[in-house]
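Quick notes on the structure that follows.
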Amino acid sequence: MAATRALAHEHRVAVVAVRHGLNLAACWCARLLQLAVGLTAAGDPPDGVMAPAAPERACGVSAAVLPHPDRPGVPLVLLAGRAASSLHCVGRPLA
Numbered sequence: 003m004a005a006t007r008a009l010a011h012e013h014r015v016a017v018v019a020v021r022h023g024l025n026l027a028a029c030w031c032a033r034l035l036q037l038a039v040g041l042t043a044a045g046d047p048p049d050g051v052m053a054p055a056a057p058e059r060a061c062g063v064s065a066a067v068l069p070h071p072d073r074p075g076v077p078l079v080l081l082a083g084r085a086a087s088s089l090h091c092v093g094r095p096l097a
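Residue numbers for the sequence shown follow this note's numbering, beginning at 3 and rising by one.
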């Protein structure tokens with residue numbers, strides 16, 4: 003991911019990546035687009051998308067969002083219950 007980010011910066015191009023890991027995406031992506039059932043649920047920098055309500059809205063799972071201990075300005079998402087052992091969710095209709 004570091005090499006991809008460096009190449010994108012060097013050549014002034016955008017990189018589109020599909021990530022199901024919320025924390026990995028928050029660490030490496032300047033902007034996130036969260037989809038729920040094919041619709042845009044949120045699109046902002048990671049700290050705007052990774053609000054506690056976002057996983058609930060998109061996937062129906064509860065989450066705690068904390069400041070990342072090693073990366074200032076990056077959120078750390080902790081999924082609750084069974085979702086904590088899953089790397090992704092399939093989504094559900096927006097409320």
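By construction, the Cβ of each residue, glycine as well, lies at the ideal position given by its N, Cα and C atoms.
Query raised in the report: What did DSSP end up calling D119 once you bin it into helix, strand or coil?
Result: No information on residue 119 is available, as it lies outside the stretch 3 to 97 that the chain covers here.
Query raised in the report: Ends of the beta strand (DSSP E) at P77?
Result: The sequence position of residue 77 within the sequence shown is 75, counting from 1. That run of the beta strand (DSSP E) goes 77–81.
Requested in this report: Evaluate contact between the segment 67–76 and the segment 27–35, counting only Cβ atoms and requiring at least three cross-stretch pairs below 8 Å.
Outcome: The segment 67–76, when compared against the segment 27–35, does touch it at the 8 Å Cβ threshold.
Query raised in the report: How about L34 and D46: do their beta carbons lie closer than 8 Å?
Result: The count along the sequence shown starts at 1 and reaches residue 34 at position 32. The count along the sequence shown starts at 1 and reaches residue 46 at position 44. Cβ distance < 8 Å, so L34 and D46 count as in contact.
Report task. Pull up the distance between the alpha-carbon of P77 and that of H22, whole angstroms please. Result -> By one-based count along the sequence shown, residue 77 stands at place 75. By one-based count along the sequence shown, residue 22 stands at place 20. Approximately 15 Å, taken between the alpha carbons.
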